[in-house]
Each structure stands twice: as structure tokens, then as C-alpha cells.
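Asker: In my numbering, the protein residues as written are 103 to 177. From the three backbone atoms N, C-alpha and C, an ideal C-beta is built for every residue, glycine too. Being a predicted model, the structure only gives us computed values, none of them experimental. Take a look at this one; I'll ask things after.
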């Protein structure tokens, strides 16, 4: 099964966010996070979906932060 590159990057970014919440960031995580933040394909929407997917796989009950009121998807 092929996965979209933006989805893969979003899942990696979501794992980095989870490590940041746990206080376990590495220099590599920070470097990748900067790269993904500059990538136009890695959208907020995909990051939220990836976070929800990872938390569901782990059966975590953590709440996702709400999207900002001025959120407008860029297509």
C-alpha cells in the first residue's frame, strides 16, 4: 500500500509533537520539525488527523487542541 508523502510527513510530525509533550525531544526531532513546518504539503489538518490516528492506535484518550477560529485550509 502506497502512502501519500504529505501524510507520512504529517505522521512523523505528529510523533514529534507527542515526544515534545512527553519532554523527550532530540536535536533530530527539532531539525525535522523545522523542515516540516516549512513544507507546504504538511498542513494543520493533516497534523490533527495524524495525531488522532496515532492516539487511536495507542488507545489514548488525550484531547486534541481545538483548531484556531481563523483556520482556513489552503488548497
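Nearest by alpha-carbon distance to residue 154: which of 137, 115 and 134 is it?
Answerer: Answer by Cα proximity: 115.
Asker: Among 105, 124, 151 and 118, which one has its Cα closest to the Cα of residue 139?
Answerer: 118
Asker: Select from 122, 112 and 108 the residue whose C-alpha is nearest the C-alpha of residue 152.
Answerer: 112
Asker: Let me check understanding here. Comparing Cα to Cα, which of 142, 121, 120 and 148 lies closest to residue 109?
Answerer: 148
Asker: For the alpha helix (DSSP H) containing residue 117, list its first residue and its last residue.
Answerer: 107-124
Asker: What's the call for residue 177, buried or exposed, on a 16-neighbour Cβ count within 10 Å?
Answerer: Its pLDDT being 47, under 50, residue 177 is placed unreliably by the model, and nothing is read from it.
Asker: Can you list, in chain order, the residues of its chain with a C-beta nearer than 7 Å to that of residue 131? Leave out the 5 residues immediately preceding and following it.
Answerer: 118 and 121
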